[in-house]
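Worksheet: the structure to be examined is printed underneath.
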Amino acid sequence: MQIISTFLFAAAVNLDSFVVGLSYGARQVHIRFGANLLIALIIFAGTLLSMMLGTGLKDLIPAVVAALLGSGMIVVFGLICLIGFFRRRGREAEEASLRSMELRELIPLACALAANNMGLGVGAGIAGLGLWATALASCLCSVLFLYCGNRLGKERLSGVIGAYAEPISGIMMIALGLYELLG
Numbered sequence: 015m016q017i018i019s020t021f022l023f024a025a026a027v028n029l030d031s032f033v034v035g036l037s038y039g040a041r042q043v044h045i046r047f048g049a050n051l052l053i054a055l056i057i058f059a060g061t062l063l064s065m066m067l068g069t070g071l072k073d074l075i076p077a078v079v080a081a082l083l084g085s086g087m088i089v090v091f092g093l094i095c096l097i098g099f100f101r102r103r104g105r106e107a108e109e110a111s112l113r114s115m116e117l118r119e120l121i122p123l124a125c126a127l128a129a130n131n132m133g134l135g136v137g138a139g140i141a142g143l144g145l146w147a148t149a150l151a152s153c154l155c156s157v158l159f160l161y162c163g164n165r166l167g168k169e170r171l172s173g174v175i176g177a178y179a180e181p182i183s184g185i186m187m188i189a190l191g192l193y194e195l196l197g
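Letter 108 of the sequence shown, counting from 1, is numbered 122 in my numbering, and no numbers are missing.
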């Protein structure tokens, strides 16, 4: 059943890639495949390194404590997403003035998306998710979500979908944490 946890994790931590794609698409900025792949590879590296750290920490503490800690961290990150969403709700979102995606924008964006995955990656490593499978699933979800978000962002649904990606991600993380805790 670890495959379910792996893909729930990968989907949850990469919903922000979907929102980024929506944002760029809404501004009619096309994210080329090469740019998308570079972002995904940076996310893969960040997820892999953070999971290695979490796996190393897992060996230093008893298995029951590690499972509780890892699952708890994932639930906490999910709650933080939900709380952040409700705190920002009602405020106007700041619009970025970018008109095209260049390498100087791509690297910081990829690092920011990877940083989001890293905190959860430590928790996933402690919880015992498969290292390579989870990092690869995260990479694939990143490519897919960024592409789909960019495509949908160019259409009229972007405001509705983008507005709820953060709480959906939070709920998915909470569900993953609880699944790992109770499973």
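Every residue, glycine too, gets a C-beta built ideally from N, C-alpha and C. Just so it is clear, the structure is predicted and the values come from calculations on it, not from any experiment.
Between the CA atoms of Gly-137 and Thr-69 - distance to the nearest angstrom: Taking the sequence shown and counting its residues from 1, the one referred to as residue 69 is at position 55. Taking the sequence shown and counting its residues from 1, the one referred to as residue 137 is at position 123. Their Cα atoms are separated by approximately 9 Å.
Near the ligand MG: Cys-125 beta-carbon under 6 Å from a heavy atom: Only the bare structure without any ligand can be found here, which leaves the ligand MG out of the picture.
Enclosing alpha helix (DSSP H) for Glu-119 [first to last residue]: Within the sequence shown, numbered from 1, the residue matching residue 119 stands at position 105. Note, Glu-119: alpha helix (DSSP H), 117-141.
Of the residues Ser-85, Ala-141, Leu-120, the one placed nearest Asn-50, counting alpha carbons only: Reading the sequence shown from its first residue, position 36 is the one you call residue 50. When only C-alpha atoms are compared, the closest one is Leu-120.
Proximity to Val-34 [Cα-Cα], best of Tyr-161, Tyr-193, Gly-191, Ile-182: Residue mapping note: residue 34 aligns to position 20 of the sequence shown, counting from 1. With distances taken between Cα atoms, Val-34 lies closest to Tyr-161.
Rounded separation between Ile-75 and Leu-83 - CA only: As a first step, residue 75 must be located in the sequence shown, where it is residue number 61. As a first step, residue 83 must be located in the sequence shown, where it is residue number 69. If I take the Cα positions, the gap works out to 10 Å.
Glu-116 classed as buried or exposed, judged by whether at least 16 other C-beta atoms fall within 10 angstroms: The count along the sequence shown starts at 1 and reaches residue 116 at position 102. Result: exposed.
Outcome for Asp-30 when other beta-carbon atoms lying within 10 angstroms are tallied against a minimum of 16: Here the question's residue 30 lines up with position 16 in the sequence shown. Buried, since its Cβ has 16 or more Cβ neighbours within 10 Å.
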